[in-house]
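One structure is given below, encoded as structure tokens.
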Amino acid sequence: MNSKKKGLNTICTHIGELEDKQHKGAVSPLYMSTSYAYEDVDVKRYPRYFNTPNQEGLCKKIAALEHTESALIFGSGMAAVSTALMAFLKAGDHVVLQQTLYGGTYNLVNEEFSKYGIEYSFTKGWNAEAFEAEIKGNTKVLYIETPSNPLLTITDLESIASIAKKHGLTTIIDNTFASPVNQNPIDFGIDIVIHSATKYMGGHSDICAGAVASSAKNMERIFQLAKNFGGSLSDYTVWLLERSMKTMGIRVRAQNENALAMAYFLEGNTDIEKVYYPGLPAHQDYVLAKKQMKGFGGMLSFELAPNLDASQFQKALRLIKPSMSLAGVESTVLSPSKTSHALMSAEVRASQGIADGLIRFSVGIEEVEDLKEDILQALDAIKK
Ligand SMILES: *Cc1c(COP(=O)(O)O)cnc(C)c1O
Numbered sequence: 000m001n002s003k004k005k006g007l008n009t010i011c012t013h014i015g016e017l018e019d020k021q022h023k024g025a026v027s028p029l030y031m032s033t034s035y036a037y038e039d040v041d042v043k044r045y046p047r048y049f050n051t052p053n054q055e056g057l058c059k060k061i062a063a064l065e066h067t068e069s070a071l072i073f074g075s076g077m078a079a080v081s082t083a084l085m086a087f088l089k090a091g092d093h094v095v096l097q098q099t100l101y102g103g104t105y106n107l108v109n110e111e112f113s114k115y116g117i118e119y120s121f122t123k124g125w126n127a128e129a130f131e132a133e134i135k136g137n138t139k140v141l142y143i144e145t146p147s148n149p150l151l152t153i154t155d156l157e158s159i160a161s162i163a164k165k166h167g168l169t170t171i172i173d174n175t176f177a178s179p180v181n182q183n184p185i186d187f188g189i190d191i192v193i194h195s196a197t198k199y200m201g202g203h204s205d206i207c208a209g210a211v212a213s214s215a216k217n218m219e220r221i222f223q224l225a226k227n228f229g230g231s232l233s234d235y236t237v238w239l240l241e242r243s244m245k246t247m248g249i250r251v252r253a254q255n256e257n258a259l260a261m262a263y264f265l266e267g268n269t270d271i272e273k274v275y276y277p278g279l280p281a282h283q284d285y286v287l288a289k290k291q292m293k294g295f296g297g298m299l300s301f302e303l304a305p306n307l308d309a310s311q312f313q314k315a316l317r318l319i320k321p322s323m324s325l326a327g328v329e330s331t332v333l334s335p336s337k338t339s340h341a342l343m344s345a346e347v348r349a350s351q352g353i354a355d356g357l358i359r360f361s362v363g364i365e366e367v368e369d370l371k372e373d374i375l376q377a378l379d380a381i382k383k
């Protein structure tokens, strides 16, 4: 099926599906072969060449969702991040990265890049001027993440793209928090889109995978490195991910709706000091979020009133579970200062506005009244 003119949920359900010619089954057959005949075939298929039938099918769906010509699926989000970055950087090059980044990406850059002679700078903010200030003669890539983790700041896609064009740079975005349902950075001039498919694409906290989508030309360059790095995903997991993505549109839209309702609910509660959600008019980047996002996403963060203990509060929750990861159909919470941002010093965290009592909330698809009730009973329990 051609993806042109098809709506989101039709793309999620159908694009890239494989036909079961033998038995006429309703879903894509799963091809687990690691070996394919080489005579009289024009494609040399092999899982690590990223070109098995199931991989190619799912890549079509991801490319259609992100409005790109091409895509590749990886064994994890970090395999996607590292391969995409390394494909556009070599010794002597410089990359500018957004200050607030996913912890794994921060570690990749901090722990590995100097070994390969790649220079890097982190911005001091997240507006376009903060990026332009770090650009040097040898800069090749601008790397952004929006909405960011954990304060949900919004980076202006159009301005970043225009700065990059002015300086002849490649732009890469980690689009995980938004998902392709809520944000298509290609439409604003960004070159390469990365996802941790472990999050909203998988959506059920049972798949670890990654994806990169871009022009055919950029993807060819990424593929050349990908086959050498070897971070491909098993076909069984590719098949599971295809199944999960059929419901991505309805899941994420339900999560958008629940998150917006929970953001207003928390904002109106006197036991809550602060709420960070780009869909709240009080959020510093609300206008920008409205311009470049179709929905505001399922992630929000909040701080309790100073007299309330964040750890006790999380222990008192019954329905909402503590969890390291995010974006599943189930609602979860996490303390950035104790987990994702624990390796940063307290001063660095404070300078980025990440309070020790901050709670990151990944809103699921449960009935919103039950989520509200759980928060209220937990607040009551810790005030006793
Ligand atoms: C989880 C995550 C990653 C890394 O993905 P893995 O699948 O865990 O390797 C990258 N970026 C963001 C924003 C994430 O949330």
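Numbered per numbering that gives the first Met the number 0, the sequence shown finishes at 383, counting up by one with no gaps. Positions of the beta carbon are idealized from the N, C-alpha and C atoms, including for glycine.
- Put simply, the backbone Cα of residue 319 is about 42 Å away from that of residue 220.
- For residue 298, the uninterrupted beta strand (DSSP E) run begins and ends at 298 to 303, by DSSP.
- For the set 274, 312, 11, the Cα lying nearest the Cα of residue 151 is the one of 274.
- A contact between stretches requires three or more CB pairs, one per stretch, nearer than 8 Å, and the region 51 to 67 fails this requirement with the region 80 to 91.
- Annotation for residue 169: no alpha helix (DSSP H) segment contains it, though the beta strand (DSSP E) segment containing it runs 169 to 173.
- The alpha-carbon of residue 43 is positioned some 28 Å away from that of residue 201.
- Here residue 195 is near residue 101, since their CB atoms are less than 9 Å apart.
- The residue from 223, 82, 374, 245 with its alpha-carbon nearest to that of residue 211 is 82.
- The three-state reading of DSSP puts residue 209 in strand, counting E and B together.
- Distance between residue 30 and residue 73, taken at the CA atoms: about 17 Å.
- When C-alpha distances from residue 76 are compared across 13, 175, 26, 97, the shortest belongs to 175.
- If you look at residue 222, you'll find it in the alpha helix (DSSP H) that goes 215 to 228.
- In chain order, 92, 93, 94, 95, 166, 168 place their CB closer than 8 Å to the CB of residue 138, counting only its own chain and leaving out the 5 sequence neighbours on each side.
- The Cβ atoms of residue 171 and residue 190 lie closer than 9 Å to each other.
- Distances between the C-beta of residue 324 and the heavy atoms of ligand 1 include at least one below 8 Å.
- When secondary structure is reduced to three states using DSSP, residue 359 falls in the strand class.
- A contact between stretches requires three or more CB pairs, one per stretch, nearer than 8 Å, and the region 267 to 285 fails this requirement with the region 238 to 253.
- Annotated as distal: residue 78 and residue 222, with beta-carbon spacing of 9 Å or more.
- For residue 197, the shortest C-beta to heavy atom distance toward ligand 1 is below 8 Å.
- If you draw a straight line from the Cα of residue 335 to the Cα of residue 141, it comes to about 25 Å.
- Counting only runs of at least 3 residues, the region 21 to 77 fully encloses the following beta strand (DSSP E) elements, listed from N- to C-terminal order: 69 to 73.
- At a cut-off of 8 Å, the beta-carbon of residue 78 counts as near ligand 1: some heavy atom of the ligand is closer than that.
- Our two residues, residue 247 and residue 351, have alpha carbons roughly 32 Å apart in a direct line.
- Under the three-state reduction of DSSP output, residue 141 falls in the strand class.
- Here residue 374 is actually not in contact with residue 257; their C-beta atoms are around 12 Å apart, not less than 8 Å.
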